[in-house]
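Take a look at the structure below.
Residue numbers (this note's numbering): 404 to 546.
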């Protein structure tokens, strides 16, 4: 879609910032949407876990570690997942000669935590539905 058409859609729907995903216009909330979209995929979570357990890895190392965990993916698929994580601010890249090194960047995770904390303003209660009576039973409460 041309930039002019995208701007017209933003104006029509009164969206200050938006991104185009496929043919859908998606409102953007301070980059948090990209972050949660990146975190919403099991493969990307596995990549983050690998970088959390052993930071500063190459694409080849990450591919091998994913394969050892049972993920059957091509190098190109892993590279695409890493690009999504990079766009969300969850990883940084550095180069050493011809090698690209991937680093976990926890700043975006801190922003997500702050956003969630903003939503939760009071005690958090976890409830469980008792199927026999159809009543909600409180099982945990945190201040």
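From the three backbone atoms N, C-alpha and C, an ideal C-beta is built for every residue, glycine too.
For residue j and residue i, the rounded distance between their alpha carbons
{"i": "residue 497", "j": "residue 462", "result": "12 angstroms"}
{"i": "residue 476", "j": "residue 511", "result": "26 angstroms"}
{"i": "residue 478", "j": "residue 441", "result": "18 angstroms"}
{"i": "residue 483", "j": "residue 524", "result": "36 angstroms"}
{"i": "residue 515", "j": "residue 490", "result": "15 angstroms"}
{"i": "residue 487", "j": "residue 448", "result": "12 angstroms"}
{"i": "residue 506", "j": "residue 481", "result": "15 angstroms"}
{"i": "residue 492", "j": "residue 518", "result": "15 angstroms"}
{"i": "residue 520", "j": "residue 436", "result": "16 angstroms"}
{"i": "residue 504", "j": "residue 456", "result": "15 angstroms"}
{"i": "residue 522", "j": "residue 446", "result": "27 angstroms"}
{"i": "residue 450", "j": "residue 473", "result": "13 angstroms"}
{"i": "residue 500", "j": "residue 469", "result": "25 angstroms"}
{"i": "residue 502", "j": "residue 471", "result": "22 angstroms"}
Buried or exposed (CB count within 10 angstroms, at least 16 for buried), residue i
{"i": "residue 467", "result": "exposed"}
{"i": "residue 452", "result": "exposed"}
{"i": "residue 485", "result": "buried"}
{"i": "residue 465", "result": "buried"}
Beta carbon proximity, residue i to chain B, threshold 7 angstroms
{"i": "residue 492", "result": "The structure shown contains no chain B; it is built from a single protein chain."}
Host beta strand (DSSP E) of residue i (start-end)
{"i": "residue 521", "result": "Where residue 521 is concerned, there is no enclosing beta strand (DSSP E), although the alpha helix (DSSP H) it sits in stretches over 510-522."}
{"i": "residue 484", "result": "Careful: residue 484 lies outside any beta strand (DSSP E), inside the alpha helix (DSSP H) at 478-490."}
{"i": "residue 502", "result": "502-507"}
Same chain, Cβ closer than 8 angstroms to residue i, neighbours up to 5 away in sequence not counted
{"i": "residue 508", "result": "492, 493, 494, 495"}
{"i": "residue 454", "result": "460, 465, 494, 505, 506, 507"}
{"i": "residue 458", "result": "506, 507"}
{"i": "residue 444", "result": "484, 487"}
Where the alpha helix (DSSP H) through residue i begins and ends
{"i": "residue 496", "result": "Counting along the chain, residue 496 falls outside any alpha helix (DSSP H), though it belongs to the beta strand (DSSP E) covering 494-499."}
{"i": "residue 446", "result": "445-456"}
{"i": "residue 440", "result": "435-442"}
{"i": "residue 468", "result": "462-471"}
Own chain partners of residue i with C-beta closer than 6 angstroms, once the 5 adjacent residues on each side are dropped
{"i": "residue 438", "result": "491, 511, 515"}
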